[in-house]
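With the numbering used here applied, the sequence shown covers 3 to 290.
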Amino acid sequence: MSDFLMKPKVDFAFKEIMADEITRIGFLSAILKLEPKEIKETQLLNTNLRKLHEDEKQGILDVRILMNNHTEIDIEIQLAELKVWADRSLFYLSKMYTEQIQQGQKYDVFKKCVSISILNFILFPKESEFYSCFRIMEEKRHIIYTDKMEFHVLELPKLPEELKEESNTLLLWAKFINAERKEEFEMLAEKNSYIDHAYQQLQIISKDKEKRIEYEAREKAIRDHNQLMYEAKQKGIELGIEQGIKAMILDNLEENIPKEKILIKLQKRFSLSEETAKKYYYKFTESN
């Protein structure tokens with residue numbers, strides 16, 4: 003038990019760490035480029051977004067924070083690749099934004115809403131930077147249309163392996179969230195007092211037997227989901243290859259190409275053994 007440490011990027015552990023206000027202030031100041039003293043207060047909010055209609059999609063956030071300047075923040079951690087992540091984060095932030103107004107109120111009630119996405123996959127494959135910030139602005143002149151919506155994205159796979167002396171605070175936090183070994187946590191804790199506090203919180207929750215049971219159940223659910231997705235992908239790949247083999251056999255038969263030549267082609271094109279090529283040949287010729 004004494005050596006066990008939860009991984010901060012598992013959403014259960016991240017939520018538990020962010021339950022501590024000092025940790026929240028340290029992390030948010032790094033993301034929002036604020037001095038910690040500028041953040042007077044942070045308050046955790048209900049993570050269930052309001053449904054206006056019975057058939058409307060329910061939104062459930064990971065961590066939802068209200069700051070002292072009334073800015074609302076949604077922090078989401080996503081470990082499995084999700085290609086529609088931009089649409090998902092926009093959906094959640096839009097619901098947060100529209101929740102602020104009630105019938106009869108004026109539009110000046112709206113306060114800033116910020117989305118922070120911590121991703122364990124690459125969302126922007128053509129970009130090398132691990133951190134991106136998006137605002138709504140004019141395309142050519144970069145005039146801000148509104149500052150009421152803001153999107154921050156951290157792509158953990160893009161983190162550099164080594165830290166430089168001038169590494170900024172945001173990089174230190176990203177490395178902390180991505181860390182798994184005690185040595186990593188201790189090295190990062192030495193560089194920043196807020197990360198040191200977060201590490202202390204991580205040690206406390208990691209020693210809690212009930213929280214460890216919840217954490218391990220969540221980690222198992224993530225592993226099971228990833229395995230199911232992998233198997234589904236592999237099945238799709240195998241099905242696609244099989245369809246390609248079938249198409250090649252039938253096309254060659256239409257051109258009256260002899261069986262022996264078709265088998266040789268199959269072995270070369272799909273890296274098959276002679277025996278496997280024959281099995282596919284008979285499978286698709288007998289069924290047609």
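Built from N, CA and C at the ideal position, the CB exists for glycine as well.
Because the structure is a prediction, the values reported are computed rather than measured.
Item                                                                                          : Value
Test item: CB-CB of I87 and L47 under 8 angstroms                                             : The sequence shown places Trp at residue 87, not Ile. No, Cβ-Cβ distance for W87 and L47 is not below 8 angstroms.
Presumed contact (8 angstroms Cβ cut-off) between W94 and S117, rounded CB distance           : The amino acid at residue 94 is misidentified as Trp; the sequence shows Tyr. At roughly 7 angstroms, the Cβ-Cβ gap stays under 8 angstroms, so Y94 and S117 are in contact.
Where the alpha helix (DSSP H) containing I239 begins and where it ends                       : K211 to E256
Per-residue DSSP class, three states only, for H199                                           : helix
Candidates E167, D5, F14 and L7, of which the one nearest E221 by Cα                          : F14
Alpha-carbon spacing of A181 relative to L172, whole angstroms                                : 14 angstroms
For S130, the first and last residue of its enclosing alpha helix (DSSP H)                    : No alpha helix (DSSP H) holds S130; DSSP gives it neither H nor E.
Three-state secondary structure assigned by DSSP to I145                                      : coil
Start and end residues, alpha helix (DSSP H) containing M20                                   : D13 to M20
Under 8 angstroms between C-beta atoms of I19 and A191                                        : no
Per-residue burial, E78 [other beta carbons within 10 Å of its own, 16 or more giving buried] : buried
CA nearest to the CA of K166, picked from K160, V65 and L174                                  : L174
As assigned by DSSP and simplified to three states, the class of I33                          : helix
H55 versus K97 - alpha carbon distance                                                        : Low confidence applies here, because H55 scores a pLDDT of 48, under 50, leaving its location unreliable; read the following figure in that light. Near 13 angstroms, if we compare the C-alpha coordinates of K97 and H55.
Under the three-state DSSP convention, the category K108 falls into                           : coil
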